[in-house]
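Below is one structure, written out as structure tokens; comments come after it.
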Amino acid sequence: MTDRRLRVLVAKPGLDGHDRGAKIIARALRDAGMEVIYTGLRQTPEQIVNAALQEDVDCIGLSILSGAHNVILPRVMQLLKQQELDDVLVLAGGIIPDEDIPALKACGIAEIFLPGASTELIVTFIRDHAGKKPR
8 MTDRRLRVLV
18 AKPGLDGHDR
28 GAKIIARALR
38 DAGMEVIYTG
48 LRQTPEQIVN
58 AALQEDVDCI
68 GLSILSGAHN
78 VILPRVMQLL
88 KQQELDDVLV
98 LAGGIIPDED
108 IPALKACGIA
118 EIFLPGASTE
128 LIVTFIRDHA
138 GKKPR
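When you line the sequence shown up against the working numbering, it's residues 8 to 142, in that order.
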């Protein structure tokens, strides 16, 4: 990996209108020296993937509270694959039932961070796993 800063896209997919957690994570990542692009609320999977492509990100963090994670997150992964962005690390956080986590990881989500996960844990996970493939 080069000395360039990791670039992380933080997005709120779906109709969920609560972004406090996403903003806290974005701030923690920025404080840890990463470049953070925050897309704002109510993003479609297509908008998220287009932003990831345009911004040449190493990681996408998806915050979802709406209950639509089993539809939206696999769609994001499908679109990333179509755009040949297989090297982008994808994380999710929010209200996701334990029983849904294995299927989400099987579709390519690298890790799921549930409420109460520390920002240090998230920062460390991104540093350890993002940007490892040549671009």
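Just so it is clear, CB atoms sit at the ideal spot from N, CA and C, and this is done for glycine as well.
Backbone secondary structure at residue 20 - three-state DSSP: strand
query: By a C-beta neighbour count over all protein chains shown, 10 Å radius and 16 as the cutoff for buried, is residue 93 buried or exposed?
result: exposed
- request: Give me the Cβ distance between residue 4 and residue 124, rounded to the nearest whole Å; I'm assuming they're in contact under 8 angstroms.
  value: With the chain covering 8 to 142 only, the question about residue 4 has no answer from this structure.
- prompt: When the Cα atoms are used, what is the spatial distance from residue 111 to residue 119?
  reply: 8 angstroms
task: Grab me the residues of residue 84's own chain with a C-beta within less than 6 angstroms of its C-beta, minus the 5 sequence neighbours each way, in chain order.
output: 114 and 115
message: On a Cα-Cα basis, can you pick out the residue from 64, 109 and 23 that is closest to residue 49?
response: 23
- prompt: Going by beta carbon distance, what residues of the same chain come within less than 8 angstroms of residue 128, once the five residues before and after it are set aside?
  reply: Cβ neighbours of residue 128 beyond the five flanking positions: 120.
query: What are the boundary residues of the alpha helix (DSSP H) that residue 53 is part of?
result: 52-62
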